[in-house]
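Written out below as structure tokens is the structure these notes cover.
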Amino acid sequence: MPNREQEKLPDLLESLRKQGDGLSGPGEAYFEAIAAKAIAQAKAPAVKRSLRTRWLAVAASVIGLLFATWWIVQPAEGTDPSIAEKDITLSSDELLAEINVEDIDAYVSDQIDEFTLELYEEAPIKE
Amino acid sequence: MNQQDLLQALRDPKRREQAFTRLVREHGPLLHRHLLRMLPAASDVDDVLQNTLVKVFRNLDRFRGDSKLTTWLYRIATNEALSWLRSNKRRSSRVGTADLSKLHDYQPVADPYFDGTAAQRELRKAIAELPDKQKAVFVFRYYDELPYQQISEITGTSQGALKANYHLAAKKIEQKLRAYAE
Chain A
1 MPNREQEKLP DLLESLRKQG DGLSGPGEAY FEAIAAKAIA QAKAPAVKRS LRTRWLAVAA
61 SVIGLLFATW WIVQPAEGTD PSIAEKDITL SSDELLAEIN VEDIDAYVSD QIDEFTLELY
121 EEAPIKE
Chain B
1 MNQQDLLQAL RDPKRREQAF TRLVREHGPL LHRHLLRMLP AASDVDDVLQ NTLVKVFRNL
61 DRFRGDSKLT TWLYRIATNE ALSWLRSNKR RSSRVGTADL SKLHDYQPVA DPYFDGTAAQ
121 RELRKAIAEL PDKQKAVFVF RYYDELPYQQ ISEITGTSQG ALKANYHLAA KKIEQKLRAY
181 AE
């Protein structure tokens, strides 16, 4: 379909155009088969969700969400609910008072390597 | 059967399927060739052509004949091809393996519909590396020699932008071909 607005192409591209694209096409049977497949696919009913199905999906999502919420907030297995409740109501000073001195010393001894000289230097001398 | 008769038959529910098969027989080769030029592999062409034809069949009532039938068919096929290329890029980037240009190196050899020369294969590779829309413009103009007016109707792009794109594409391809020749 040549037309008047054809611009001048570089010689290399112009000569290649004359050679064509080197492509061939399938036979008539291919097009008849693909037309039949396209008609069958086009006529197949689209998957539509009925109102009932949609409500069921919403209900299932809500139940799932409630279950997940319950599962996340439930106390760990074997935990006495009264203890968990008590922990929440205690202040940090009260909690600290419940730990004995040996445990605190053992913890400090275990962690002492992580202190650095800079931290010692910055720490106020109380004694 | 001319276009008007074919359109009448396509609008008649009793004759629609037969007319559609005729339409595919007459215009299918044109669309197939166009998709072969746009897409990297023949197997992709089968899928994209089928999707195109499904859309054509479902929208036959919407085609009012304002434009040429081929323009309408080209528009649907080109949109399908561009959309396929976009989703293919997304898939490739998700997988993280694909350098499409490297894949293109091997496609023409493996393509059952390609039986061209080495130069034609290099041209095909160079076209495959163009940005998708530029590729469509180049293919329409270079191979099909469609007027800019019709390409504008197909792609929904202004004629000025089409001319600039075609010029740019031709320049890029020429550079690649020269590099190959040297």
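Listed in order, the protein sequences are those of chains A and B. For the first sequence, position 21 (counting from the first letter as 1) is numbered 21 according to this note's numbering, and the numbering increases by one without interruption. For the second sequence, position 135 (counting from the first letter as 1) is numbered 135 according to this note's numbering, and the numbering increases by one without interruption. Even glycine gets a Cβ: it sits at the ideal position worked out from N, Cα and C. Given the structure is predicted, the values throughout are model-derived calculations rather than measurements.
>> By the DSSP assignment, the alpha helix (DSSP H) with A:Ala38 in it spans what residues?
In response: Mapped onto the first sequence, residue 38 of chain A falls at position 38. Note, A:Ala38: alpha helix (DSSP H), Glu28 to Lys43.
> Going along the chain, which residues of the stretch 46-62 of chain B sit with their C-beta nearer than 7 Å to a C-beta in chain A?
Replying inline: Leu49, Gln50, Leu53, Val54, Phe57 and Arg58
> By Cβ distance below 8 Å, which residues in the same chain neighbour B:Ser43 in space, the five residues on each side in sequence not counted?
Replying inline: Sequence index remark: in the second sequence, residue 43 of chain B carries index 43 (1-based). So the list is empty, once near-sequence residues are dropped.
>> Does A:Leu23 come out as helix, strand or coil in the three-state DSSP assignment?
In response: Within the first sequence, numbered from 1, the residue matching residue 23 of chain A stands at position 23. If DSSP states are grouped into helix, strand and coil, A:Leu23 belongs with the strands.
> Can you tell me the Cα-Cα spacing of B:Arg91 and B:Leu85, whole angstroms?
Replying inline: Position 91 of the second sequence, counted from the first residue, corresponds to residue 91 of chain B. Position 85 of the second sequence, counted from the first residue, corresponds to residue 85 of chain B. Near 10 Å, if we compare the C-alpha coordinates of B:Leu85 and B:Arg91.
>> By the DSSP assignment, the alpha helix (DSSP H) with B:Tyr166 in it spans what residues?
In response: Within the second sequence, residue 166 of chain B is the residue found at index 166, counting from 1. Where B:Tyr166 is concerned, the enclosing alpha helix (DSSP H) stretches over Gln159 to Ala181.
> Is the Cβ-Cβ distance between A:Phe31 and B:Val54 less than 8 Å?
Replying inline: For the purposes of this step, residue 31 of chain A is identified with residue 31 of the first sequence, where counting begins at 1. For the purposes of this step, residue 54 of chain B is identified with residue 54 of the second sequence, where counting begins at 1. The answer is no: Cβ separation not under 8 Å.
> In angstroms, rounded to a whole number, what distance separates the CA positions of B:Val45 and B:Thr71?
Replying inline: To locate residue 45 of chain B, count along the second sequence from 1; it is residue 45. To locate residue 71 of chain B, count along the second sequence from 1; it is residue 71. Going from the Cα of B:Val45 to the Cα of B:Thr71 covers about 19 Å.
> Just reading off the alpha helix (DSSP H) that B:Gln18 is part of, what are its end residues?
Replying inline: Counting from one through the second sequence, the residue named residue 18 of chain B turns up at place 18. Element bounds for B:Gln18: Arg16 to Met38.
> In chain B, which residues lie with their C-beta within 8 Å of the C-beta of A:Glu98?
Replying inline: Within the first sequence, the letter at position 98 stands for residue 98 of chain A. Per Cβ cutoff of 8 Å: no residues; A:Glu98 is ~53 Å from chain B at best.
> Hey, is B:His34's beta-carbon within less than 8 Å of any beta-carbon in chain A?
Replying inline: Locating residue 34 of chain B in the second sequence gives position 34, counting from the first residue. With 8 Å as the cut-off, B:His34 does not count as an interface residue toward chain A.
> When we look at the beta-carbon of B:Thr78 and count the other beta-carbons within 10 Å, is it buried (16 or more) or exposed?
Replying inline: By 1-based counting over the second sequence, the position of residue 78 of chain B is 78. That one is buried.
> Is the Cβ-Cβ distance between B:Ile154 and B:Arg75 less than 8 Å?
Replying inline: For the purposes of this step, residue 154 of chain B is taken as the residue at position 154 of the second sequence. For the purposes of this step, residue 75 of chain B is taken as the residue at position 75 of the second sequence. Yes. Within cutoff.
>> Assuming B:Asp132 and B:Leu82 are in contact, meaning their beta carbons sit under 8 Å apart, how far apart are those beta carbons, in whole angstroms?
In response: For the purposes of this step, residue 132 of chain B is identified with residue 132 of the second sequence, where counting begins at 1. For the purposes of this step, residue 82 of chain B is identified with residue 82 of the second sequence, where counting begins at 1. B:Asp132 to B:Leu82, Cβ: 5 Å. Contact.
> What does A:Arg17 touch in chain B if you count any residue whose Cβ is under 7 Å from its own?
Replying inline: The sequence position of residue 17 of chain A within the first sequence is 17, counting from 1. Correct list: Tyr142.
>> DSSP three-state label for B:Phe63, please.
In response: In the second sequence, counting from the first residue as 1, residue 63 of chain B sits at position 63. Reduced to three states, the DSSP call for B:Phe63 is coil.
>> Please classify B:Ala118 as buried or exposed, where buried requires at least 16 neighbouring CB atoms within 10 angstroms.
In response: Counted from its first residue, the second sequence places residue 118 of chain B at position 118. Per the 10 Å Cβ criterion, exposed.
>> Does the CB of B:Asp105 have a neighbour CB from chain A at under 8 Å?
In response: The residue you call residue 105 of chain B lines up with position 105 of the second sequence. With a pLDDT of only 47 at B:Asp105, under 50, the local geometry of the prediction cannot be trusted, and no value is derived from it.
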